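Trainee: Respectively, the protein sequence lines represent chains A and B.
In this text, residue positions in the first sequence follow the numbering used here: the first is 699, and each later residue adds one.
In this text, residue positions in the second sequence follow the numbering used here: the first is 699, and each later residue adds one.
Ideal Cβ positions, reconstructed from N, Cα and C, are used throughout, including at glycine.
This one's a predicted model, so the numbers in the text were calculated from it and none came from an experiment.
2 protein chains.
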Amino acid sequence: MNLETAIQKLREKGYKKTRQRERILEIFVNQDQYIAAKTILKEIQEDFPSVSYDTIYRNLYLLTDEEILEATELSGEKHFRLGCDTHGHHHHFICTDCGKTKPIDFCPMESINENLQGYDIENHKFEIYGKCPVCH
Amino acid sequence: MNLETAIQKLREKGYKKTRQRERILEIFVNQDQYIAAKTILKEIQEDFPSVSYDTIYRNLYLLTDEEILEATELSGEKHFRLGCDTHGHHHHFICTDCGKTKPIDFCPMESINENLQGYDIENHKFEIYGKCPVCH
DNA sequence: TTCAAAACAAGAATGATTACGAATTAAATT
DNA sequence: AATTTAATTCGTAATCATTCTTGTTTTGAA
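(1) Exposed or buried, residue 784 of chain B, counting other C-beta atoms within 10 Å across all chains shown (16 or more means buried)?
(2) Using the Cβ count rule (16 or more neighbours within 10 Å means buried), how would you classify residue 703 of chain A?
(3) Does the Cβ of residue 780 of chain B have 16 or more other Cβ atoms within 10 Å, making it buried, or fewer, making it exposed?
(4) Do residue 827 of chain A and residue 799 of chain A have their C-beta atoms within less than 7 Å of each other?
(5) Can you give the Cα-Cα distance for residue 734 of chain B and residue 822 of chain A, rounded to whole angstroms?
(6) Taking one C-beta from the stretch 709-721 of chain B and one from the stretch 807-817 of chain A each time, how about it: are there three or more such pairs within less than 8 Å?
(7) Measure the alpha-carbon distance for residue 706 of chain B versus residue 754 of chain A and round it to whole angstroms.
(8) Comparing the C-beta of residue 784 of chain B with each C-beta of chain A, is any distance below 7 Å?
(9) At which residues does the alpha helix (DSSP H) containing residue 703 of chain A begin and terminate?
(10) Along chain B, which residues have their Cβ under 9 Å away from the Cβ of residue 817 of chain A?
(11) Classify residue 799 of chain A as helix, strand or coil using the three-state DSSP reduction.
(12) Tell me residue 777 of chain B's beta-bridge partners as DSSP assigns them.
(13) Beta carbon of residue 746 of chain A, beta carbon of residue 789 of chain A: below 7 Å?
(14) Below 7 Å between beta carbons: does that hold for residue 834 of chain A and residue 818 of chain B?
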């Protein structure tokens with residue numbers, strides 16, 4: 699997903715293009731890793747010293763709802779990354795040092811052969827943690 | 699894992715048997731589900747009105763470190779449950795209503811066939827969320 | 001240009017979690 | 001049983017991420 703596509707996607711839903719929102723998107727487009735909200739805040743503040751957490755969170759959640767970003771919880775903080783829609787549904791290897799990720803196409807739900815009759819499955823999470831080749 | 703085994707395990711490591719700690723363990727021994735820290739606090743307060751969060755968290759983390767409990771993050775709060783060491787390594791179905799769990803023996807790491815050469819795998823998480831038969 | 005909806009800023013509020021000094025308690029030792 | 005000491009708890013304050021409130025500004029369409 700590139701910047702233009704994302705902004706177009708938002709525009710179609712009636713969301714406006716703002717400089718802050720664009721800047722937030724830029725950060726994600728340039729980095730293939732999960733990023734914490736406070737890290738985003740710091741980066742944005744370089745261009746807009748007065749952005750508030752409110753703006754950051756509002757946008758991160760909006761972008762997540764619109765499936766432009768994906769969210770996960772790492773050590774008690776929500777982290778976000780650009781959704782790799784080219785892969786469709788997928789999971790991640792996540793580096794516990796640098797936060798960089800590697801998409802994993804394998805989905806356990808395809809192979810699972812457990813009796814879950816009577817259970818209403820809504821969602822699932824599969825993540826592998828460790829050190830990427832660079833940090834290792 | 700029963701109460702006596704757990705306390706014995708702690709004693710061997712030099713940890714003391716306290717009434718608060720015993721009471722926390724009791725709660726987990728009697729319930730097969732993930733429980734939030736604040737729920738534990740409330741229950742303990744019935745017997746010890748003056749317990750503090752410090753005591754709760756200190757013990758929950760101690761028990762988790764000693765592998766008597768398992769922890770996971772549900773909707774922004776840490777939840778704990780008794781580790782089912784009878785099953786060895788396993789995963790869970792977690793009911794998003796009542797928090798009750800069903801162990802899942804299937805482990806995706808056994809079936810995965812992804813090229814992760816160069817990656818140092820430390821850990822993984824696989825959880826299925828949904829409604830259990832009772833809540834469904 | 002005008003205007004309403006959307007978005008933002010500033011800071012306060014919330015809620016989970018952690019930290020800390022003083023007091024208490026378990027368990028080993030005398 | 002009394003003493004010792006290290007672990008543990010209590011009470012409270014602090015921290016940190018996140019959410020909320022209110023007033024102001026910006027965007028994009030008419």
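Mentor: Quick look at the numbers:
(1) For this step, residue 784 of chain B is matched to residue 86 along the second sequence. Note that residue 784 of chain B scores a pLDDT of 49, beneath 50, so its modelled location is shaky; the value from the coordinates is reported in the next line. Counting Cβ neighbours within 10 Å, residue 784 of chain B comes out exposed, since fewer than 16 surround it.
(2) Here residue 703 of chain A is taken as the residue at index 5 of the first sequence, counted from 1. Exposed: under 16 other Cβ atoms inside 10 Å.
(3) Walking along the second sequence from the start, residue 780 of chain B turns up at place 82. Residue 780 of chain B is buried by the Cβ-count criterion.
(4) Within the first sequence, numbered from 1, the residue matching residue 827 of chain A stands at position 129. Within the first sequence, numbered from 1, the residue matching residue 799 of chain A stands at position 101. No, the Cβ-Cβ distance between residue 827 of chain A and residue 799 of chain A is not below 7 Å.
(5) Reading the second sequence from its first residue, position 36 is the one you call residue 734 of chain B. Reading the first sequence from its first residue, position 124 is the one you call residue 822 of chain A. Taking the straight line joining both Cα atoms gives about 20 Å.
(6) No: the two stretches stay apart, fewer than three of their Cβ pairs being nearer than 8 Å.
(7) Counting from 1 along the second sequence, the entry for residue 706 of chain B is found at position 8. Counting from 1 along the first sequence, the entry for residue 754 of chain A is found at position 56. The straight-line gap from Cα to Cα measures roughly 49 Å.
(8) As a working mapping, residue 784 of chain B is identified with position 86 in the second sequence. Unreliable positioning characterises residue 784 of chain B in this predicted model, as indicated by a pLDDT of 49, which lies under 50. The coordinate reading is nonetheless provided below. For residue 784 of chain B, the nearest beta carbon of chain A is not closer than 7 Å to its own beta carbon.
(9) The sequence position of residue 703 of chain A within the first sequence is 5, counting from 1. Note, residue 703 of chain A: alpha helix (DSSP H), 701-710.
(10) Position 119 of the first sequence, counting from 1, holds the residue named residue 817 of chain A. Per Cβ cutoff of 9 Å: 791, 793, 800, 826, 828, 829, 830, 831, 834.
(11) Here the question's residue 799 of chain A lines up with position 101 in the first sequence. Of the three classes helix, strand and coil, the one that applies to residue 799 of chain A here is strand, per DSSP.
(12) Against the second sequence, residue 777 of chain B aligns to sequence position 79. BP columns for residue 777 of chain B point to B:734, B:770.
(13) In the first sequence, residue 746 of chain A corresponds to position 48, counting from 1. In the first sequence, residue 789 of chain A corresponds to position 91, counting from 1. Their beta carbons are not under 7 Å apart, which means residue 746 of chain A does not touch residue 789 of chain A by this criterion.
(14) Numbered from its first residue, the first sequence carries residue 834 of chain A at position 136. Numbered from its first residue, the second sequence carries residue 818 of chain B at position 120. Yes, Cβ-Cβ distance for residue 834 of chain A and residue 818 of chain B is below 7 Å.
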